[in-house]
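Q: Got a structure here, written out as structure tokens. Questions coming.
Numbering (this note's numbering), first residue to last: 2 to 181.
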């Protein structure tokens with residue numbers, strides 16, 4: 002059975018994208034990372050938010066632009082949106098509700114990970130009780146504003162269990178299980 006994991010790199014002050022969804026800040030923090038390199042082949046499907054799917058790319062202007070993990074991964078993607086585009090994309094399915102998207106992504110992933118990309122979708126998965134793990138790389142930079150890893154003012158407390166902590170020259174990786 003597939004495991005849902007939310008992965009992102011965030012600034013020390015908690016932002017995964019800068020103002021307006023800017024991802025250019027991340028380029029300086031992409032580099033060799035054994036923990037990420039171990040995760041990528043274990044991903045069977047992506048569950049992606051619409052803003053993330055159509056948003057800025059830290060690989061903009063390179064041959065890696067528009068490719069998941071800079072071209073390090075390929076496979077089925079399920080984009081959660083209420084407004085599917087008229088254009089078709091290879092290996093991309095647009096889905097209108099969370100439960101259907103999660104079920105389809107899990108079926109496609111088999112016994113591998115469903116990698117959740119996008120803060121809003123991750124928060125929805127957490128609220129629905131279907132998010133299993135969080136993998137966050139903490140970059141040594143403070144952005145000051147932008148899109149938070151999780152933004153849920155007045156939300157409920159969520160217990161997490163740390164099970165891995167690794168370091169690279171570019172980031173500190175933290176792996177957590179959603180407890181209970």
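Even glycine gets a Cβ: it sits at the ideal position worked out from N, Cα and C.
Check whether the segment 104 to 124 and the segment 43 to 53 are in contact - that is, three or more C-beta pairs closer than 8 Å.
A: Yes, the segment 104 to 124 touches the segment 43 to 53.
Q: Going by CA-CA distance only, name the one from 176, 180 and 181 that's closest to residue 39.
A: Here residue 39 refers to the residue found at position 38 of the chain shown. When only C-alpha atoms are compared, the closest one is 176.
Q: Is residue 43 near residue 107, with beta carbons less than 7 Å apart?
A: Sequence index remark: in the chain shown, residue 43 carries index 42 (1-based). Sequence index remark: in the chain shown, residue 107 carries index 106 (1-based). Cβ atoms of residue 43 and residue 107: not closer than 7 Å.
Q: What residues match up with residue 6 in a beta bridge as DSSP calls it?
A: What you label residue 6 is simply residue 5 of the chain shown in a count that begins at 1. The partner list for residue 6 (beta bridge, DSSP) reads 116 and 134.
Q: Would you mind reading off the limits of the alpha helix (DSSP H) that contains residue 70?
A: Counted from its first residue, the chain shown places residue 70 at position 69. Per DSSP, residue 70 belongs to no alpha helix (DSSP H) and is neither H nor E.
Q: Going by C-alpha distance, which of 83, 137 and 56 is nearest residue 16?
A: Your numbering for residue 16 matches position 15 in the chain shown. Among 83, 137 and 56, the Cα nearest to that of residue 16 is on 137.
Q: Can you give the Cα-Cα distance for residue 151 and residue 116, rounded to whole angstroms?
A: Counting from one through the chain shown, the residue named residue 151 turns up at place 150. Counting from one through the chain shown, the residue named residue 116 turns up at place 115. Taking the straight line joining both Cα atoms gives about 16 Å.
Q: Could you tell me the alpha carbon to alpha carbon distance between residue 78 and residue 145, rounded to whole angstroms?
A: Translated into the one-based positions of the chain shown, residue 78 becomes position 77. Translated into the one-based positions of the chain shown, residue 145 becomes position 144. So the alpha carbons of these two residues sit roughly 31 Å apart.
Q: Starting from residue 165, trace the beta strand (DSSP E) both ways and give me its first and last residue.
A: As a working note, residue 165 is residue 164 in the chain shown. Looking at the DSSP string, the run of the beta strand (DSSP E) that includes residue 165 is 161 to 168.
Q: Report yes if the CB atom of residue 85 is closer than 7 Å to the CB atom of residue 70, and no otherwise.
A: The residue labelled residue 85 in the question sits at position 84 within the chain shown. The residue labelled residue 70 in the question sits at position 69 within the chain shown. Not a contact, by the Cβ cut-off of 7 Å.
Q: Considering only C-alpha positions, which residue in the set 105, 127 and 164 is nearest to residue 158?
A: On the chain shown, residue 158 is found 157 positions in, with the first residue counted as 1. Residue 127 is the option with its Cα nearest to residue 158.
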